[in-house]
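Visitor: Numbering (this note's numbering), first residue to last: 0 to 169. Cβ atoms here follow ideal geometry from the backbone N, Cα and C, with glycine treated the same way. In this text the structure is predicted, and so the values were computed from the model without any measurement.
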């Protein structure tokens, strides 16, 4: 065995964790080596010092009693919760209806916020034309509701001078 393994086995011997056959083997190894005997003596002294001078800690109640008390408290709380069926129905309704009411409120706000068509007191017949004439641009529109069609004609008449054409073509 390696030296580290023997030291660990000596610690286990002091703690009483070895079987009889393992304890005999370690005692034989300690009989041959003085270092292991010194280590064994130091460990025994340390164990005695700790056991004599350690302050006793007394638990107010055992672990089993503590957990049994917690289980009793849980058992007492559960029947109280089961007795309120009305509150369960209200909670269920609230969980189902609250999102629906929220969605309905959002839809209502969106429909109220949509801009309405401006009333310009202009009445068009089914086919009509509008024309805007400016010095630089001419705009004509034609709308046909029957055919679901709108046409916008932009006519930009520029003065084609020779200087301007050269710049424009460069």
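Go ahead and label residue 54 buried or exposed: buried means 16 or more other beta carbons lie within 10 angstroms of its beta carbon, across all protein chains shown.
Guide: Residue mapping note: residue 54 aligns to position 55 of the chain shown, counting from 1. Counting Cβ neighbours within 10 Å, residue 54 comes out exposed, since fewer than 16 surround it.
Visitor: Quick one: give me the first and last residue of the alpha helix (DSSP H) that residue 45 is part of.
Guide: Here residue 45 refers to the residue found at position 46 when the chain shown is read from its first residue. Run containing residue 45: 33-52, per the alpha helix (DSSP H) assignment.
Visitor: Looking at the structure shown, is residue 68 part of a helix, part of a strand, or coil, going by DSSP?
Guide: Counting from 1 along the chain shown, the entry for residue 68 is found at position 69. Three-state DSSP puts residue 68 in a helix.
Visitor: What are the start and end residues of the alpha helix (DSSP H) that includes residue 7?
Guide: By one-based count along the chain shown, residue 7 stands at place 8. 2-14 is the span of the alpha helix (DSSP H), which, as asked, contains residue 7.
Visitor: To the nearest whole angstrom, what separates the beta carbons of residue 43 and residue 13, a pair I think is in contact under 8 Å?
Guide: Taking the first residue of the chain shown as position 1, residue 43 is located at position 44. Taking the first residue of the chain shown as position 1, residue 13 is located at position 14. Indeed they touch by this definition, with Cβ atoms about 6 Å apart.
Visitor: Just to confirm my understanding: we take residue 154, look at its own chain, exclude 5 residues before and 5 after, and list those with CB closer than 8 Å. What are they?
Guide: Locating residue 154 in the chain shown gives position 155, counting from the first residue. Within the same chain, residue 154 has close Cβ partners 136, 137, 138 and 139.
Visitor: Are there 16 or more other CB atoms within 10 angstroms of the CB of residue 105, so buried, or fewer, so exposed?
Guide: Residue 105 sits at position 106 when you count from the first residue of the chain shown. Exposed, by the Cβ-count rule.
Visitor: Would you grab the beta carbon distance between residue 38 and residue 4 for me? Rounded to a whole angstrom, and I think it's under 8 Å.
Guide: Looking up residue 38 in the chain shown gives position 39. Looking up residue 4 in the chain shown gives position 5. Their Cβ separation, rounded to whole angstroms, is 13 Å, which puts residue 38 and residue 4 out of contact at 8 Å.
Visitor: Look up residue 89 in the DSSP assignment and say whether it is helix, strand or coil.
Guide: Mapped onto the chain shown, residue 89 falls at position 90. Helix, per DSSP.
Visitor: Spatial neighbours of residue 169 within its chain, please: C-beta separation below 6 Å, excluding the five flanking residues on both sides.
Guide: Taking the chain shown and counting its residues from 1, the one referred to as residue 169 is at position 170. Any reading at residue 169 needs caution, since the residue's pLDDT is 44, under 50, leaving its predicted position unreliable; the model's value is listed next. Excluding five sequence positions before and after residue 169, none of the CB atoms of its chain fall closer than 6 Å to its own CB.
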